[in-house]
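Have a look at the structure below, then the notes.
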Amino acid sequence: MHAMNLLLVEDDEMLAHAVRTGLQRDDWRVHWVADAAAARLALSDHGYAAVLLDLGLPRGSGLGVLQAMRQRYDPTPVLIVTARDSLSDRIAGLDAGADDYVVKPFELDELGARLRAVVRRAQGRVSPKLAHGDVTVDPARRSVLRAGAPVTLSVNEYRTLLALMERRGWVVTRAQLEDAVYGGTGSIESNTIAVYIHQLRRKLGDDFIATVHGFGYRVGEERA
Amino acid sequence: MKYLPASLRGRLLVALMSAIVVCVGGWLCAYGTMVDRQQTGWWDSTLRVIAHQILLSLPGDVDAMSSARPAFQLPEGADGGSLDDRLANHKPRFQVWLNGGREGFRSPGAPAQPFRADLAAGFSDTEVAGERWRVYSVSDASGRVHVQAAWSHRQLDAERVRWLKLSLGATAVLFVLLALPLWAVVRWSLRPVMAVEAAIRRREGLDLAPLPAAGLPCEIAPLVESFNQLLQRLDAALQGERRFIADAAHELRTPMAALLAQSQLALEARDTAERDAALRRLREGVQRSARLAEQLLDLARLDAGGSHERRVALLDVVEVVVRDFDAAARQRGQRIVLELGACEIVGDVDMLGIALRNLIDNAVRYAGDGGRIEVRCATEAGRVRLSVADDGPGVPEHERSRVFDRFYRLPGAPGRGSGVGLSLVARIAEVHRARIEAGAGVDGRGFGVTLWFEAAAEPPAPPLGASRASDIADTRRRFLGDPIQR
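From first to last, the protein sequence lines are chains U and Y. Per this note's numbering, residue 48 is the first one in the first sequence, and the count goes up by one each step. Per this note's numbering, residue 20 is the first one in the second sequence, and the count goes up by one each step.
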C-alpha cells in the first residue's frame, strides 16, 4: 500500500507528535495543522486520503471545519477525535458528516484500525446523487431530501438508507446492512437495523423500503 | 426621590409627619374659613343691634340739638383698666346724622365724615380718612335721622391674625408632642428588621449561620426565611463536597500506591521480559486509575449541577456507547445483545452516555469470558424502560439496595470495581427523575440494572402532506392493533 496523505488537525502538540509518529510507522504521510483556520487552508489547497479532526479545538471550530467540508461537497473521509465524556459532541460530529470517531484517550492501534476502515469504506462509496421516488440522497453532502424538503436522519438511519440506495433494486441482507452501518458487528448482536428500517419508513413513506422475508430489505423494483 | 432619607424608619417618619402636616393644615383652613364666616356674621349682627338700639334710644328732638356741647367722661377704672390694648381698640364706632347733612353726634374715634356718604340703609364696606370700615347704616321711619355703626377693618383683620397665630401655635405644639412618640413607635416596630441588619453586618466571610427571623413583619419574614433555607442548602452542599473530597482522596490513594509499586518493579526488572511484564501490569494500573479519576470527575461535575436537557433518542446513545466496548468484548469472547426500540426521552445526552458507559463497563467486566450482556430499551405505557444485564456472578439480594451507595464495593468481590460507577448511574437517574432498580440479570442469573424514564411526548407532525399520510397510517395501525409490517 503506497503512502497516503492524512491531515491531522490537533492543537495539543504532545498528542500530535505521538499520533504523527505512530501513524507514520503505518505508512501514512501526516500533515499536521494546529487550528481550524490552517485546516481550512490545507483542505482547499490539497487533497487527502483522510482527515483526523479533533473536535475539541477552541471555540467549537473543529465542527465548523467538518461542516464547511460537507457544504463544499468534499467527501474526504473524516475521523473525529472527541473527549470521553462528550457524547453529544460525538453524535453532533457524526450527524455533521464524520465517518467515524475515536475517543480520547485512545490506543494508537485502534486509531490506525479505524482510519484504515474509514478509508476502505470511502473507496467503495458512490459519490453522485441517488434518487428513488421523491427521495434524493446526496452522499457527498450527507443530505437527504424528500419532495425537496430536508429530512432529519440520525447517522445510523442515514447509513442504512445509503446502503439500501446504493444497491437499489437489489436485496440487501441484514449482515450487509450491519457491515455498512457499523463496519461489522463483531461481538454485538443487535436488532437496531430493524428499528432504523422502521424509522426510515416513518420518515420516507411506508412503501419506500420493501421487506423481503428471509433475506433482507430492498429499495425500488426488483431487478432481474 | 433622592430627597427621601435612605432608611425605612426615616421614610416612615417623614411620611407620617408630612401627612399630619397636610391634614392639620387642611383642617385648619377649613375650620378657619368656617370660623371666619361665623365671626363676620356676628360682627355684622352686632353692628345692626347697636345701630337699631341707638336709633330707638334717640330722643325725638335730637335734630333740634346743637352739635357743639361738652362730652361726658368715664370714671377711672370703669373700662376694666387697660387689660389689653386690643380690647381697648376693639370697639364699634357710630355716627348719628340729621337731615341736611348735619352731624348729630358720634362716638369717640369715629371720623368726622359719614361712614357712608350717601347714608343709604344696609351693610357696606367703605373707606374713610384712609381707613377701611364695615358699615351698617339705618334711617328712622320718617327719614329725619340716620344712624351708622361701623367696625374698623383694621380691628377685624387684627382679630383674624390673632386667631391664626393661636391656631398655628397650638398645631406646632401638637406637632412637637407627636414627633417623639411617633419616632419611638416607628423605631420599636422596625426593631426586628434592625436586628437582621445588624446580624448581616456582623457576618464575616463564609458564615453560614441563619439570620434571626423571630418577630419579623410578614413583609420581610419570607425573604429572611428563604435566605436561611438557601444558607442551609449551601451548607449541606459544602459538607457534601468536603466529604466527597475526603472519600475521593482516600479512594485514589490505593491505586496510586499500586502504580508506584509497579513502576518500581519495572525499573528493577532484571531482563526485558520481566520489564515488559511489569510495564504491562503498570499499564493496566494506569488504565484503572484513569477510569477511577474520570468517574470521580463525573461525580463531582454531577454534584456541581447544571444539565442541558433536550430530546434524546436512547437508541443512538446505546448504539454509540456499546460500540466502544466491541473490541474489549470480542477479546474475551463475550456477546452483547441489543434489543432496542425507538425510545425517546428528555435528558442530557452526555450524562446518559456516562450512565450507560458505566453500566456496560460493569457488565462487561463482571460477565467474565464468554459471558452474555443484554441491553434492552422499550417504550411501555408512556415510560421508557432501559435495562443492562449480565450473566456474571451477580449481587445477592440483600446487598442490592446498597450497590448504589458511593464507594460501596461488594464485600468478597475482588477489588475490580471502584465503587463509584453505580453511584454515578444512580445520581444521573435522579437528575433525570427516573426510577432505578437493581435485580437479577440474564435469565435470572447475574446482575441487572433497570431504569424507568418518562417518555418524551410525540413530536409534532412533519409539514409534508405525504408523510402525514404515513403517520396517519401508523396511528390507524396502532389503534386498530395491527402488527407493524416489517
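We put the CB at the ideal spot given by N, CA and C, even for glycine.
For the stretch 269-283 of chain Y against the stretch 307-314 of chain Y, are there 3 or more C-beta pairs whose distance is under 8 angstroms? yes
Name the chain U residues that come within less than 7 angstroms of leucine 334 of chain Y, Cβ to Cβ? Thr239 and Val242
Could you list the residues in the stretch 134-151 of chain U with a C-beta less than 7 angstroms from some C-beta on chain Y, going in chain order? Leu134, Ser135, Arg137, Ile138 and Val150
Contact set for leucine 483 of chain Y: own chain, Cβ-Cβ below 6 angstroms, skip 5 residues either direction: With a pLDDT of only 49 at leucine 483 of chain Y, under 50, the local geometry of the prediction cannot be trusted, and the value read off the model is given with reservation. Correct list: empty, nothing qualifies.
Runs of beta strand (DSSP E) lying entirely within the stretch 231-261 of chain U, each at least 3 residues, in chain order: 235-237 and 256-259
Would leucine 321 of chain Y and valine 450 of chain Y be called neighbours here (beta carbons separated by less than 8 angstroms)? yes
Which same chain residues end up closer than 7 angstroms to valine 43 of chain Y when comparing Cβ atoms and leaving out the 5 residues on each side of it in sequence? Thr190
Round the Cβ separation of glycine 372 of chain Y and leucine 155 of chain U to the nearest angstrom and send it over; I've been treating them as touching at under 8 angstroms. Actually they do not touch by this definition, with Cβ atoms about 24 angstroms apart.
Examine the Cβ distances between the stretch 324-344 of chain Y and the stretch 295-307 of chain Y and report whether three or more of them are shorter than 8 angstroms. no
Positions along the stretch 437-449 of chain Y whose CB lies within less than 8 angstroms of some CB in chain U: none
Cβ-based contacts, 7 angstroms cut-off: residues of the stretch 222-236 of chain U near chain Y: Tyr229, Gly233, Ser234, Ile235 and Glu236
Could I get the ranges of all uninterrupted alpha helix (DSSP H) runs contained in the stretch 186-231 of chain U, with 4 residues as the minimum, in chain order? 202-213 and 221-229
Select from Y:Val341, Y:Pro415 and Y:Gly438 the residue whose C-alpha is nearest the C-alpha of valine 383 of chain Y. Y:Val341
Give every residue of the same chain whose Cβ lies closer than 6 angstroms to the Cβ of valine 198 of chain U, excluding the five residues on either side of it in the sequence, and list them in chain order. Val191 and Lys250
Below 6 angstroms CB to CB, which residues in the same chain sit around alanine 457 of chain Y once its five sequence neighbours on both sides are set aside? Arg419, Val422 and Val468
Assuming valine 337 of chain Y contacts valine 394 of chain Y under a Cβ cut-off of 8 angstroms, what Cβ separation, rounded to an integer in Å, is found between them? 6 angstroms
Within chain Y, the residues that aspartate 82 of chain U reaches when beta carbons sit closer than 7 angstroms: Correct list: empty, because the minimum Cβ distance to chain Y is about 25 angstroms.
Amino acids of chain Y, ordered along the chain, whose beta-carbon sits closer than 8 angstroms to that of glutamate 157 of chain U: Ala346
Does the CB of serine 201 of chain U have a neighbour CB from chain Y at under 8 angstroms? yes
Taking 8 angstroms as the cut-off, does the stretch 100-111 of chain U touch the stretch 72-85 of chain U (at least 3 CB pairs, one atom from each stretch)? yes
Proximity of alanine 168 of chain Y and proline 111 of chain Y at Cβ, strictly below 8 angstroms: yes
Per DSSP, which residues does glutamate 238 of chain Y bridge with? Please list them. Answer is none; glutamate 238 of chain Y lacks a bridge partner.
According to DSSP, simplified to helix, strand and coil, what is alanine 476 of chain Y? coil
Under 9 angstroms (Cβ pairs) to chain U, residues found in the stretch 370-383 of chain Y: Met370, Leu371, Gly372, Ile373, Leu375 and Arg376
Integer Cβ distance of glutamate 204 of chain U from leucine 247 of chain U, believed to fall under 8 angstroms: 6 angstroms
Less than 8 angstroms separating the beta-carbons of valine 305 of chain Y and glutamate 328 of chain Y? no
Does the Cβ of leucine 253 of chain Y have 16 or more other Cβ atoms within 10 Å, making it buried, or fewer, making it exposed? exposed
Does DSSP classify cysteine 362 of chain Y as helix, strand or coil? coil
In chain Y, which residues lie less than 9 angstroms from aspartate 185 of chain U when you measure between Cβ atoms? None at all; the shortest Cβ gap to chain Y is about 18 angstroms.
For the alpha helix (DSSP H) that contains phenylalanine 113 of chain Y, what are its first and last residues? Phenylalanine 113 of chain Y -> not in any alpha helix (DSSP H); beta strand (DSSP E) instead, spanning 112-117.
Taking the alpha carbon of glycine 387 of chain Y as the reference point, which residue from Y:Pro412, Y:Ser326 and Y:Ala476 has its own alpha carbon closest? Y:Pro412
Beta-carbon separation (whole angstroms), glutamate 236 of chain U vs valine 356 of chain Y, contact threshold 8 angstroms: 5 angstroms
Do the CB positions of glycine 230 of chain U and alanine 164 of chain U come within less than 8 angstroms of each other? yes
Output the boundary residues of the alpha helix (DSSP H) element that contains leucine 77 of chain Y. Unbroken run through leucine 77 of chain Y: none, as it is neither H nor E.
Report the three-state DSSP secondary structure of glutamine 92 of chain Y (helix, strand or coil). coil
Check the Cβ-Cβ distances between proline 122 of chain U and every residue of chain Y, and say whether any is below 8 angstroms. no
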